[in-house]
Amino acid sequence: MKCPQCSKNHHYSAGPICKCGYHFILSPKEDLKITDNLFHAIIRRASGNQTIRYTRTQLYTASYRLKELRRRKEYKRALFTTLICFSLMVLFAVLIGTSILPMGAVVVFFPLGIFALISTLILICSPFFKTKPHYFPAWENTLRQWTAAGQSIPGLLTNPTYQDDSPTPWPENDINSYGINRILLCDSTELVDLLTLNGFHTANGCLILTLDDYPHHVADRALQSLNATPAPDVFLLHQEDNGEFAKQAAQFLPEQSAAKIHDLGFLKTQTQSSKFLKIMSKQISPLTPDIFLYPNLSSLLGRAINSLQTIGSLATEAERKAYQKSTAHDPILIYETSFWSIDWDSDDDGGDDGE
Ligand SMILES: [Zn+2]
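Counting from 8, one number per residue, gives the positions in the sequence shown under my numbering.
Rendered as structure tokens:
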């Protein structure tokens with residue numbers, strides 16, 4: 008395993024302390040096989056290299072992404088080895104057949120053939136094991152080990168940021184510099200913090216709050232604007248459900264308000280039609296919108312607000328388009344797209360997969 012401090016390779020059998028003095032926390036022998044170096048890469052991915060705030064669920068998504076990326080790399084390496092073996096086999100067969108090499112060369116030919124056969128079998132079988140690793144409880148355990156060792160996870164959202172007596176989350180001149188075009192109602196304080204601390208409210212001209220009036224100072228402004236004419240549109244963002252949150256949100260509106268409500272999701276019927284969401288819903292239930300890393304979530308949400316579609320349906324659409332685009336160009340990507348998800352280009356971030 009690689010040392011995150013000195014970048015040198017350290018043998019597991021040499022104990023948990025590197026020559027440079029770094030004390031390893033995680034063991035590659037445990038269920039998820041997450042090393043310290045990989046954990047740092049996971050934090051970098053979730054935090055966009057320390058530029059964005061993120062939730063625990065997003066940290067999990069980042070780990071899932073990196074594991075997938077590694078698995079694909081391993082697949083490509085295996086494919087390459089198999090191709091080399093088969094090419095050599097063909098070459099040997101031709102050389103023996105044309106008597107350039109004596110029949111005795113079959114001794115070399117045989118083990119090569121067996122090796123090629125085994126690696127082909129592994130290659131063919133590998134897709135059947137693709138969803139095996141990565142379970143949420145094991146991940147929670149990894150997280151606990153990391154924090155118990157006194158290591159920080161910079162940028163991770165923990166407690167609600169805006170308590171009743173806390174100052175406004177933005178300077179006064181900022182709040183006046185954008186108009187309130189919309190109101191975004193969330194079902195958790197964590198979602199409000201995630202979007203507000205990353206500036207989604209200013210970029211999209213919306214007030215973001217929960218039905219419990221969190222944050223308090225935003226709730227007053229929301230009520231004022233809902234009673235005004237014309238009233239801003241109201242958008243809903245919540246965990247996977249069958250429309251329960253929308254019913255609660257309808258009661259949140261003042262009776263005389265003319266505001267329209269648009270539910271952006273998650274809706275249970277739609278999460279099952281996206282491959283990525285379907286895989287994730289087997290591990291986290293109910294699914295929350297922060298299953299998407301922030302750059303994906305903010306772009307999905309921005310598009311959902313503007314096109315009045317749910318984020319679930321946009322996720323499915325993005326997967327379909329990505330599949331069509333890749334199959335039209337390079338046949339090798341057909342295999343890759345079977346694992347494709349909404350994460351359009353984050354697998355290409357300079358190869359930072361913690362290796
Ligand atoms: Zn070291």
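Note that beta-carbon positions come from the ideal geometry of N, C-alpha and C, so glycine has one too.
CA-CA distance, GLN12 and GLY162?
So the two alpha carbons sit approximately 20 Å from each other.
Tell me the start and end of each unbroken alpha helix (DSSP H) in the stretch 205-269 that is at least 4 residues and wholly inside, in chain order.
Here the runs fully enclosed are 207-211, 223-234 and 251-259.
With DSSP run on the structure shown, which of helix, strand or coil describes PRO23?
Coil, per DSSP.
Please name the residue, chosen from ASP43, VAL97 and LYS36, that lies closest to LYS15 on a Cα-to-Cα basis.
Ranking the options by Cα distance to LYS15, first place goes to ASP43.
Bridge partners for HIS17 per DSSP, in chain order?
BP columns for HIS17 are empty, so no partner.
Alpha helix (DSSP H) containing ILE376: first to last residue?
Summary: the structure shown does not reach residue 376, with the chain confined to residues 8 through 362, and so no result is reported for it.
Identity of the residue in ILE121, TYR301 and ALA322 nearest ASN60 by Cα:
Per the sequence shown, residue 60 should be read as Arg rather than Asn. Distances from the CA of ARG60 to each of ILE121, TYR301 and ALA322 were compared; the closest alpha carbon is that of TYR301.
Run through DSSP, which three-state label would CYS132 get?
Note: CYS132 maps to helix in three-state DSSP.
Cβ of TYR29 within 7 Å of any heavy atom in ligand 1?
Yes; taking the cut-off as 7 Å, the Cβ of TYR29 has a heavy atom of ligand 1 nearer than that.
Find out if the Cβ-Cβ distance for the pair HIS363, ASP240 is shorter than 8 Å.
The chain is shown only over 8 to 362; residue 363 falls outside these bounds and no answer can be derived.
Go through its chain and collect everything with a Cβ distance to ILE215's Cβ below 6 Å, but skip five positions before and after it.
Here the set comprises LEU191, VAL199, LEU202, THR203 and HIS208.
One or two residues paired with CYS193 in a DSSP bridge:
DSSP lists THR217 and LEU244 as partners of CYS193.
Evaluate contact between the stretch 52-68 and the stretch 150-169, counting only Cβ atoms and requiring at least three cross-stretch pairs below 8 Å.
The answer is yes - the stretch 150-169 touches the stretch 52-68, with three or more Cβ pairs under 8 Å.
Can you check whether the C-beta of LEU98 is within less than 8 Å of a C-beta belonging to chain C?
Here there is only one protein chain, and chain C is not present.
Please check the pair PRO222 and TYR142, which I expect to be a contact at CB under 8 Å, by giving their CB distance rounded to whole angstroms.
About 35 Å separates the two Cβ atoms, so there is no contact after all.
Hey, would you say LEU308 sits closer than 8 Å to LEU260, going by beta carbons?
No.
Residue burial classification, TYR19 (beta-carbon count within 10 angstroms, cutoff 16)
Using a 10 angstroms sphere on the CB of TYR19, the tally of other CB atoms stays under 16, which defines it as exposed.
Under 8 Å by Cβ, that's how I've got ASP248 and ALA145 pegged, so tell me the actual separation to the nearest angstrom.
In fact, because the Cβ distance is near 27 Å, the residues do not count as touching under 8 Å.
In chain order, what residues of the same chain lie with their CB nearer than 8 Å to the CB of ALA266, ignoring the 5 residues before and after it?
For ALA266, same chain residues with a beta-carbon under 8 Å away, outside a window of 5 residues either side, are ILE190, LEU233, ALA238, PRO239, ASP240, VAL241 and LEU260 in chain order.
Rounded to the nearest angstrom, how far is the Cβ of ALA123 from that of MET96, given a contact under 8 Å?
The distance from the Cβ of ALA123 to that of MET96 is about 6 Å, consistent with a contact at the 8 Å cut-off.
Report the three-state DSSP secondary structure of TYR67 (helix, strand or coil).
In this structure, DSSP gives TYR67 a helical state, which the three-state scheme calls helix.
Beta-carbon spacing of VAL115, PHE93 below 8 Å
No. Outside cutoff.
Does the beta-carbon of GLN158, which I'm using as the reference point, lie nearer than 7 Å to any heavy atom of ligand 1?
False, no ligand heavy atom lies under 7 Å from that Cβ.
Ends of the alpha helix (DSSP H) at LEU45?
First-last of the alpha helix (DSSP H) with LEU45: 43-53.
Under 8 Å, do LEU33 and ILE49 count as touching if we go by C-beta distance?
LEU33 places its beta carbon 8 Å or farther from that of ILE49.
What does the Cβ neighbour count give for PRO296, buried or exposed, with the cut at 16 atoms within 10 Å?
PRO296 counts as buried, since no fewer than 16 other beta carbons sit within 10 angstroms of its beta carbon.
Report yes if the CB atom of ILE298 is closer than 8 Å to the CB atom of THR64, and no otherwise.
Yes.
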